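Some notes on the structure that comes next.
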Amino acid sequence: MYLSLRQLSTFREVMRSGSISQAARSVGRTQPAVSTMVQNLEEQLGFALFLRSQGKLTPTPEAYFFLEECDDILGRVERTERSLERISSLQSGKLKIACHPAASSTFLPSILTKFLKNRHDLEVSLIMRSSDVIEDLIASQQYDLGFSETPQSRTSIRQTDYDLECVCMLPKGDPLATADIVTPDDLDGRPMAALFGEHLSAVQTETAFRSAGCHFNKRIELRTFLPGVQLVAAGACVMICDMITAYSHLKQAPSDEKLSIRRFSPHISTSVSILTPGYATQSIVGKAFICELHSAVKKMQDEIHDALK
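Residue 214 in the numbering used here sits at position 213 of the sequence shown, and the numbers go up by one each step.
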């Protein structure tokens, strides 16, 4: 037996209106077409749904039972249609995001806040993990999207890479705050905060000082640049850090507490990436958030470059 949704909805309308003619007007079909559809439905079911007498229809007990089943089936279909419509309009869905520490405090939450506005049924899981852990979470399809330092290319991950310029963060009022460019000569021997020795940014920074014949005074070693912002503010050190940390500080700190951020030469960079599983199809909501994240990275680069002019 095959019953179509049109048959069920037409039968329900006949029951609600109490007449073939009224039901035909409601469903936008001719009266003979509705009458034929009801008769075909009865033949398929194997029992009468209506008693017919002098042009009037009287529902049988079986018709009332069948109506309950129709209401249940059509109700589920209608709820499903509404859910799919909300998914297609980004009003509903689920998204699991893994983010590395530098972007987790301000940068990515600010993007997510904007993205979630007026999308009350959109569910998001956001965790902070180290970049190497994020890589594995994405490769194993445990999370939909990762934002991390750029990993080595692998087939189980799709990635979009961004090369971000590192900047020099100085205490407020530092004599170098007015310099167009800060160099190793300017920082020769000054106490500095830097990441652990094997991190690429630390290697590049130490190499820049060595090449210039300057003393790289690594007073404070960090796992992430975030604590370094407070140390710079306290005058304990200066720091050559990633763009995201500097940008997050500029967006978050009150105007009278903003640190000085200047361009550093020679060029030192960090690379970050948007990661998605290589063997999974991206959801609609995932694709939309990636577009927002991509735009936010470009906007950050533009705003930082403007601030360094």
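From the three backbone atoms N, C-alpha and C, an ideal C-beta is built for every residue, glycine too. Just so we're clear, the structure is a prediction, and the values are computed from it rather than from any experiment.
In the three-state reduction of the DSSP assignment, Gln55 falls in the coil class, being assigned neither a helical nor a strand state. Distance from the CA atom of Ala308 to the CA atom of Cys167, rounded to whole angstroms, is 13 Å. Counting only the Cα atoms, Cys238 lies some 15 Å from Lys259.
Counting along the chain, Ser126 sits inside the beta strand (DSSP E) bounded by residues Asp122 to Met129. Comparing C-alpha distances from Ile269 to each of Pro192, Ile182, Gly29 and Thr114 shows the shortest one belongs to Ile182. Out of Leu276, Arg30 and Arg80, the CA that lies nearest to the CA of Gln160 is found in Leu276. The Cβ-Cβ distance between Met170 and Met240 falls below 7 Å.
Here the C-alpha atom of Ile291 lies approximately 10 Å from the C-alpha atom of Gln283.
DSSP places Thr271 in the uninterrupted beta strand (DSSP E) bounded by Ser270 to Pro278. Looking at the DSSP output, Asp164 bridges to Ser272.
Contact check for Ser272 against Thr151 passes: the beta carbons are separated by less than 7 Å.
For Ala99, the secondary structure class from DSSP, reduced to helix, strand or coil, is strand. Per the DSSP secondary-structure output, Pro172 pairs with nothing in a beta bridge. Comparing C-alpha distances from Lys299 to each of Tyr163, Met16, Arg263 and Pro278 shows the shortest one belongs to Tyr163. Per DSSP, reduced to three states, the secondary structure at Ser18 is helical.
DSSP, reduced to helix, strand and coil, places Ala254 outside both helices and strands of the structure shown, so it counts as coil. In the three-state scheme derived from DSSP, where H, G and I count as helix and E and B as strand, Pro192 is classed as strand. Collapsing the DSSP output to three states places Asn119 in coil. Beta-bridge partners of Leu223 (DSSP): Leu196.
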